[in-house]
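Respectively, the protein sequence lines represent chains A and B. Under UniProt numbering, the residue at position 88 of the first sequence is numbered 88, and the numbers go up by one with no gaps. Under UniProt numbering, the residue at position 459 of the second sequence is numbered 459, and the numbers go up by one with no gaps.
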Amino acid sequence: MAKDHRAGSKVRGDKLPAILMASHLIEGDTVFLGKAGWTRDPSAARIAHDAETAAAMEAEGKAAAAANAVIDPYLVPVDLSEAGLPIARHFRDAMRQKGPSVHPDMGKQAEFAPLE
Amino acid sequence: MYRYDEFDERFVRERVAQFRGQVERRIDGSLSEDEFKPLRLKNGLYLQLHAYMLRIAVPYGTLNSRQLRQLAHIAETYDKGYGHFTTRQNLQFNWPKLKDVPDILGLLADVEMHCIQTSGNCIRNVTSDQFAGVAADEVEDPRPTAELIRQWSSLHPEFVWLPRKFKIAVTGASHDRAAIKVHDIGLKLKRDAAGAVGYEVIVGGGLGRTPMIGKVIREFLPKDELLAYLEAVMRVYNSEGRRDNKFKARVKILVHETGEEEFRARVEEEYARLDGPTINAPDEEVRRIAAYFAPPAYATLPETSAVLDAARAADPALDRFVAQNGFAHKQPGYIALTIALKEIGAVPGDMSAAQMRAFADLAETYSFDEFRVTHSQNLVLPHVRKDDVPAVFAALKAAGLASANAGLITDIIACPGLDYCALATAKSIPIAQAIAKTFADEKRQAAIGELPIKISGCINACGHHHVGAIGILGLEKGGRENYQITVGGDASEHAALGERLGPGIDAEDVPAAIEAIVETYLAEREGGESFIETVRRAGIEPFKAGFASFLDDRAPASEAAE
């Protein structure tokens with residue numbers, strides 16, 4: 001069967017800090033593992049600063065995928081803004097945090113405050 | 001156009017009901033994603049970067065006004081108010097929710113549409129010439145052939161799980177507008193010396209990571225032998241095509257690795273074993289299908305229209321539109337009009353629900369309730385009375401659909417790229433928008449003339465970059481988007497693959513690089529040559545040299561900026 005999806009992006013160097021990103025099963029929308037459960041707001045993503053937390057979040061993601069809540073969870077390396085918000089280091093993941101660049105009126109960027 | 005019979009209707013309704021059950025089982029957890037994915041892909045449902053994406057089949061690019069109004073309704077009710085026409089003459093919605101998809105499929109079935117054969121390793125939606133039934137250089141309308149193949153392939157039990165997807169294109173004209181040499185199978189209707197109609201059969205073309213021009217494996221196949229011969233080709237591919245490596249699984253690789261002669265021999269051997277009469281469609285069925293594509297009830301009109309001539313003389317914008325977007329119709333007094341979904345700065349192929357409704361009204365009133373989708377992500381009103389063109393143009397202008405740039409440098413094909421697609425490695429649409437803005441001046445576009453630019457945001461080549469006169473491929477390099485530029489590609493009967501000019505460049509440098517390539521063309525051009533004719537005559541070297549100078553000139557500025 002043809003692959004229609006590619007989870008994860010190639011990021012060189014240190015993979016931390018990181019957030020966990022996935023697609024919501026029913027909505028298809030990009031979701032982030034938050035402090036308590038999944039959130040659609042990119043600024044509410046839980047941030048792993050160390051390998052142990054990242055591993056625990058990844059396990060939580062796998063369990064959510066197995067429970068059919070989300071699809072294709074993966075860890076996303078981020079930089080932190082001055083306000084401490086997670087900004088994906090890879091442009092592909094950053095696109096998922098915002099929405100399509102050609103439609104500023106659609107996706108996360110239309111609903112949530114920018115990650116600054 | 002073709003209308004569903006009771007079997008088509010039942011088949012499509014059953015598929016909707018079946019998929020509704022599958023979605024229910026996915027949502028209640030009975031099906032895992034690994035189990036569900038092949039099922040959703042069989043119904044055109046992908047998962048992309050921001051949302052699911054539903055790809056709707058538009059068989060051989062033909063639609064009517066009722067269908068377009070339904071698409072507008074779906075866009076407004078279940079999506080974000082627009083749809084996107086693709087390079088395979090299909091339509092995609094970018095924001096459907098999984099729970100809504102069965103209802104959307106039900107609405108599509110209400111207007112004889114579906115999402116079958118738009119994904120997965122099956123024989124995909126058959127594509128064709130957008131001027132089918134219109135073009136004067138046509139031996140025969142290719143759409144009855146395309147419809148016959150659709151009916152033969154939709155539920156063919158042998159060919160539901162092929163090694164890889166399989167695309168067939170058909171043309172009936174001498175000038176190839178269906179890109180038949182870069183499809184898995186390309187069919188060209190032709191006449192033999194005795195005047196009988198048949199097909200030239202081309203196999204093993206394709207784009208993607210290993211682009212190939214197809215090979216003619218049958219110079220002339222009698223028309224009534226089509227399905228048995230296709231079955232022989234498919235059997236050879238199905239049994240010998242590679243399943244161990246998806247990158248080598250397309251029939252182009254099999255033809256290439258087997259060798260043209262040997263592949264032809266194996267097909268002929270298989271064909272000799274088949275019981276043709278039990279496979280080929282009966283004459284009465286072929287005639288039944290063909291009857292749906294009989295020419296509409298044209299009025300008897302003079303070739304020229306005094307009304308249109310006077311309106312063109314009075315309105316330069318109308319004159320430019322007709323000169324650029326008009327296509328000669330074989331019926332006197334009629335013209336086909338290309339509606340370029342390529343307003344400067346717009347997303348290539350996007351159409352809003354309001355535009356869909358306005359355009360549906362025009363098709364209904366002025367074009368026998370029919371229109372076409374082109375593989376260049378444009379639409380065509382195929383049968384417009386020349387007398388009506390001023391009124392059509394006025395309505396198109398009001399709907400923001402009167403772009404007079406069909407075939408020009410701003411009529412760019414672009415895949416969705418990284419703005420939507422989960423497979424993309426770089427953005428595609430913003431590159432098209434930036435180039436279009438750079439060349440927005442109408443006089444400049446006219447001076448440059450026909451110049452198809454095609455952009456893909458990854459190596460899979462949905463944007464057909466290999467066969468763009470200028471092709472642009474977006475890749476990831478060192479954590480940045482990087483664009484390789486090729487020149488000399490051609491999707492027509494002179495099919496050719498573009499050649500790279502040099503190293504990849506950054507997104508912001510692409511418009512200036514295109515300007516440098518255009519300057520080379522204008523300097524090299526002889527007489528009335530088009531861009532691709534100049535490349536064919538002068539070769540690639542002047543363009544490589546021009547590109548190298550561009551890179552040299554740009555280098556000091558880039559270094560200063562760093």
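Beta carbons: idealized from backbone N, C-alpha and C, even for Gly.
By the three-class DSSP mapping on this structure, what secondary structure does residue i have?
i, result
"B:Thr87", "coil"
"B:Leu473", "strand"
"B:Glu562", "Low confidence applies here, because B:Glu562 scores a pLDDT of 47, under 50, leaving its location unreliable and the question unanswered by this model."
"A:Ala2", "Per-residue confidence for A:Ala2 stands at a pLDDT of 43, beneath the threshold of 50, marking its modelled position as unreliable; no derived number is given."
"residue 606 of chain B", "The structure shown does not extend to residue 606 of chain B, since chain B is modelled only from 1 to 562, so the question has no answer here."
"B:Lys215", "strand"
"B:Trp161", "coil"
"B:Tyr298", "coil"
"A:Lys15", "coil"
"B:Gly326", "strand"
"B:Ala17", "helix"
"A:Pro77", "strand"
"A:Leu20", "strand"
"B:Arg444", "helix"
"B:Arg554", "helix"
"A:Lys35", "coil"
"B:Gly546", "helix"
"B:Ser456", "strand"
"B:Pro222", "strand"
"B:Glu284", "helix"
"B:Val203", "strand"
"B:Gly276", "helix"
"B:Phe321", "helix"
"A:Phe112", "coil"
Provide the residue span of the beta strand (DSSP E) that contains residue i, from first to last.
i, result
"residue 610 of chain B", "This structure cannot settle anything about residue 610 of chain B, because the visible part of chain B is limited to 1 through 562."
"B:Ala523", "No beta strand (DSSP E) contains B:Ala523, which is instead part of the alpha helix (DSSP H) from 510-524."
"B:Glu481", "480-487"
"A:Pro86", "86-88"
"B:Ala311", "Here B:Ala311 belongs to no beta strand (DSSP E); instead the alpha helix (DSSP H) covers 306-314."
When burial is assigned at 16 or more other CB atoms within 10 Å of the CB, is residue i buried or exposed?
i, result
"B:Ala560", "Because the pLDDT at B:Ala560 is just 49, under 50, the model does not fix this residue reliably, and the point stays unresolved."
"B:Glu562", "Note that B:Glu562 scores a pLDDT of 47, beneath 50, so its modelled location is shaky; the value from the coordinates is reported in the next line. When all chains shown are included, B:Glu562 counts as exposed."
"B:Trp152", "buried"
"B:Thr127", "buried"
"B:Gly349", "buried"
"B:Phe161", "The amino acid at residue 161 of chain B is misidentified as Phe; the sequence shows Trp. Burial call: exposed."
"B:Arg264", "buried"
"B:Leu522", "exposed"
"B:Ala440", "exposed"
"B:Ala313", "exposed"
"B:Ser30", "exposed"
Does the separation of the CB atoms of residue i and residue j fall below 9 Å?
i, j, result
"A:Val70", "A:Ala88", "no"
"B:Arg480", "B:Ala72", "no"
"B:His50", "B:Asn94", "yes"
"B:Val251", "B:Phe166", "yes"
"B:Leu341", "B:Leu379", "yes"
"B:Leu148", "B:Leu227", "yes"
"residue 602 of chain B", "B:Ile455", "With chain B covering 1 to 562 only, the question about residue 602 of chain B has no answer from this structure."
"B:Ile289", "B:Pro390", "no"
"A:Leu20", "A:Gly61", "yes"
"B:Gln445", "B:Asn482", "no"
"B:Glu343", "B:Ser428", "no"
"B:Gly206", "B:Gly195", "no"
"A:Arg40", "A:Thr53", "no"
"B:Leu98", "B:Glu140", "no"
"B:Val518", "B:Ile412", "no"
"B:Ile409", "B:Ile453", "yes"
"B:Gly326", "B:Ser305", "no"
"B:Thr62", "B:Met113", "no"
"B:Asp211", "B:Ala461", "For the record, residue 211 of chain B in the displayed sequence is Pro; it is not Asp. Taking 9 Å as the Cβ cut-off, B:Pro211 and B:Ala461 qualify as a contacting pair."
"B:Val201", "B:Tyr237", "no"
Under DSSP, the alpha helix (DSSP H) around residue i begins and ends at which residues?
i, result
"A:Ile98", "For clarity, residue 98 of chain A is Lys in the given sequence; the question names Ile instead. First-last of the alpha helix (DSSP H) with A:Lys98: 91-98."
"B:Tyr237", "226-240"
"A:Ala65", "51-66"
Next on the checklist: Closer than 9 Å between beta carbons: that is the criterion. Which residues of the stretch 46-76 of chain A meet it against chain E?
Outcome noted: Note that chain E does not occur in the displayed structure, where the protein chains are A and B.
Item to check | beta strand (DSSP E) segments (min. 3 residues) lying fully within the stretch 72-127 of chain B | outcome: 82-85, 91-93
Checklist entry - Taking only runs of the alpha helix (DSSP H) that begin and end inside the stretch 371-417 of chain B, which ones reach a length of at least 4 residues, in chain order? => result 389-398
Checklist entry - Which runs of the alpha helix (DSSP H) fall wholly inside the stretch 327-351 of chain B and span at least 4 residues, in chain order? => result none
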